[in-house]
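Single-structure report; data block below.
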Amino acid sequence: AQSVTQLDSQVPVFEEAPVELRCNYSSSVSVYLFWYVQYPNQGLQLLLKYLSGSTLVKGINGFEAEFNKSQTSFHLRKPSVHISDTAEYFCAVRSGGYQKVTFGTGTKLQVIP
Amino acid sequence: SQTIHQWPATLVQPVGSPLSLECTVEGTSNPNLYWYRQAAGRGLQLLFYSVGIGQISSEVPQNLSASRPQDRQFILSSKKLLLSDSGFYLCAWGGGADIQYFGAGTRLSVL
Chain A
53 AQSVTQLDSQ VPVFEEAPVE LRCNYSSSVS VYLFWYVQYP NQGLQLLLKY
103 LSGSTLVKGI NGFEAEFNKS QTSFHLRKPS VHISDTAEYF CAVRSGGYQK
153 VTFGTGTKLQ VIP
Chain B
6 SQTIHQWPAT LVQPVGSPLS LECTVEGTSN PNLYWYRQAA GRGLQLLFYS
56 VGIGQISSEV PQNLSASRPQ DRQFILSSKK LLLSDSGFYL CAWGGGADIQ
106 YFGAGTRLSV L
């Protein structure tokens, strides 16, 4: 079985400050990991993905995430946030050979001017 | 390029009325297709997924059903809506490594 935990339901941060959104996963086999962003009343947009190779993954809008197998984590980071980054962020996992993607409950990022 | 269409964008329905939400994908063949529901504060709940025409897997027992009459068409239905069916419904298709690409969603309000 696979699962994803996003411990922070809301993260307020001042504009131009750095941010880290935490994601921990559980799986007994190799994994693919994803981060999605959802703006109000819209679908989810893929932000970045880890499939294999380098554990540091860069995505759109200046975001990056690091796959840490020993800590079973895939935290999302941005060195300097903008007002436009205000959105909800979802971490997701798919285990090798398993057809379904499991999503976390989401973290709402609120950027304060 | 692949695109996914979902309609309607918003829908207000009375309790007990039927439901039909449609999702179509363009630019790909034999995709894995998914229906999710997003309720406030509860994240995404996988409702159904389909790996081919007529093949539907249900994830949770509920008042809804799904059908896949064509390769790139996925329909979510209900015969009688409940208040608890309100939510934001998202259709998605699976690409390489089953990366999920989402439609814009349908906001359903059951009154």
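First to last, the sequence lines map onto chains A and B. The number in my numbering is simply the position in the first sequence, starting from 1, with 52 added. The number in my numbering is simply the position in the second sequence, starting from 1, with 5 added. Built from N, CA and C at the ideal position, the CB exists for glycine as well. What you are looking at is a predicted structure, and each value in this text was computed from that prediction instead of being measured.
Among the options, nearest to residue i - alpha-carbon criterion
i: threonine 111(B); options: Gly101(B), Gly99(B), Gly92(B) and Gln105(B); result: Gly92(B)
i: leucine 51(B); options: Ala102(B), Cys96(B) and Ile104(B); result: Cys96(B)
i: alanine 53(A); options: Pro64(A), Ser125(A), Val89(A) and Val83(A); result: Val83(A)
i: valine 133(A); options: Glu67(A), Gln123(A), Lys160(A) and Asp60(A); result: Glu67(A)
i: alanine 109(B); options: Val17(B), Asn37(B), Val30(B) and Ser6(B); result: Val30(B)
i: histidine 127(A); options: Leu59(A), Gln97(A) and Cys75(A); result: Cys75(A)
i: histidine 120(A); options: Ser136(A), Pro131(A) and Leu85(A); result: One point to set straight first is that residue 120(A) is asparagine, not histidine, in the sequence displayed. Checking every option, the nearest Cα to that of asparagine 120(A) belongs to Leu85(A).
i: isoleucine 112(A); options: Glu118(A), Leu100(A), Ser122(A) and Gln123(A); result: Leu100(A)
i: alanine 117(A); options: Thr124(A), Gln123(A) and Tyr102(A); result: Tyr102(A)
i: serine 78(A); options: Arg129(A), Ser136(A), Ile164(A) and Ser122(A); result: Ser122(A)
i: serine 34(B); options: Gly57(B), Val115(B), Ala44(B) and Leu116(B); result: Gly57(B)
i: serine 80(A); options: Lys130(A), Gln62(A) and Val145(A); result: Val145(A)
i: isoleucine 164(A); options: Thr57(A), Pro64(A), Ser147(A) and Leu96(A); result: Pro64(A)
i: glutamine 43(B); options: Ile104(B), Val115(B), Tyr94(B) and Leu116(B); result: Tyr94(B)
i: glutamine 3(B); options: Asp90(B), Arg73(B) and Thr15(B); result: It is not possible to answer for residue 3(B), since the shown part of chain B is limited to 6 through 116.
i: valine 65(B); options: Gln75(B), Gln7(B), Ser22(B) and Leu49(B); result: Leu49(B)
i: glycine 59(B); options: Ala45(B), Gln75(B), Leu69(B) and Phe53(B); result: Gln75(B)
i: glycine 114(A); options: Gln62(A), Arg129(A), Ser147(A) and Ser61(A); result: Arg129(A)
i: glutamine 105(B); options: Trp87(A), Gln62(A) and Val56(A); result: Trp87(A)
i: arginine 47(B); options: Thr57(A), Ser147(A), Ile135(A) and Lys152(A); result: Thr57(A)
CB-CB length for residue i against residue j, believed under 8 Å
i: serine 87(B); j: valine 20(B); result: The residue asked about is misnamed: residue 87(B) is leucine in this sequence, not serine. Indeed they touch by this definition, with Cβ atoms about 7 Å apart.
i: alanine 71(B); j: tryptophan 98(B); result: 14 Å between Cβ atoms; not a contact.
i: asparagine 37(B); j: serine 62(B); result: Their Cβ separation, rounded to whole angstroms, is 10 Å, which puts asparagine 37(B) and serine 62(B) out of contact at 8 Å.
i: aspartate 137(A); j: leucine 98(A); result: Not really, about 16 Å apart at Cβ, beyond 8 Å.
i: phenylalanine 107(B); j: leucine 59(A); result: 24 Å between Cβ atoms; not a contact.
key: the segment 77-97 of chain B / the segment 67-87 of chain A touching (three or more Cβ pairs under 8 Å)   = Touching, no.
query = Any contact of the segment 153-160 of chain A with the segment 128-142 of chain A, i.e. 3+ C-beta pairs under 8 Å?
reply = Verdict: yes, contact present.
message = What are the residues in the segment 34-50 of chain B lying within 9 Å of chain A by C-beta distance?
response = Answer in chain order: Asn37, Tyr39, Tyr41, Gln43, Gly46, Arg47, Gly48, Leu49 and Gln50.
key: Interfacial residues, the segment 87-115 of chain B to chain A, with Cβ spacing under 9 Å   = Under the 9 Å Cβ criterion, the segment 87-115 of chain B contributes Phe93, Leu95, Cys96, Ala97, Gly99, Gly101, Ala102, Asp103, Ile104, Gln105, Tyr106, Phe107, Gly108, Ala109, Gly110 and Arg112.
query = So does the segment 106-116 of chain A actually touch the segment 10-19 of chain B, counting three or more Cβ pairs closer than 8 Å?
reply = Taking a contact to require three or more Cβ pairs closer than 8 Å, the segment 106-116 of chain A and the segment 10-19 of chain B do not qualify as touching.
request  = Pull out every residue of the segment 98-125 of chain A whose Cβ sits closer than 7 Å to any Cβ of chain B, in chain order.
outcome  = Across the segment 98-125 of chain A, CB contacts with chain B closer than 7 Å involve Leu98, Lys101 and Leu103, in sequence order along the chain.
request  = Output, in sequence order along the chain, the residues in the segment 57-91 of chain A whose CB is closer than 7 Å to any CB in chain B.
outcome  = For the segment 57-91 of chain A, which is checked against every Cβ of chain B, the residues closer than 7 Å are Tyr84 and Phe86.
Touching by the beta-carbon criterion (3+ pairs, under 8 Å), the segment 81-97 of chain A and the segment 23-35 of chain B = The way I'd put it, the segment 81-97 of chain A doesn't touch the segment 23-35 of chain B; fewer than three beta-carbon pairs between them come closer than 8 Å.
query = Which runs of the beta strand (DSSP E) fall wholly inside the segment 28-79 of chain B and span at least 3 residues, in chain order?
reply = As far as the segment 28-79 of chain B is concerned, its whole beta strand (DSSP E) runs of at least 3 residues are 37-43, 49-57, 60-63 and 70-75.
message = Which complete beta strand (DSSP E) runs does the segment 92-138 of chain A hold, if anything under 3 residues is left out?
response = You should have 96-102, 108-110, 116-120 and 125-130.
message = Output needed in chain order: residues of the segment 127-138 of chain A with a Cβ under 9 Å from some Cβ in chain B.
response = Closer than 9 Å at the C-beta level to chain B, one finds no residue of the segment 127-138 of chain A.
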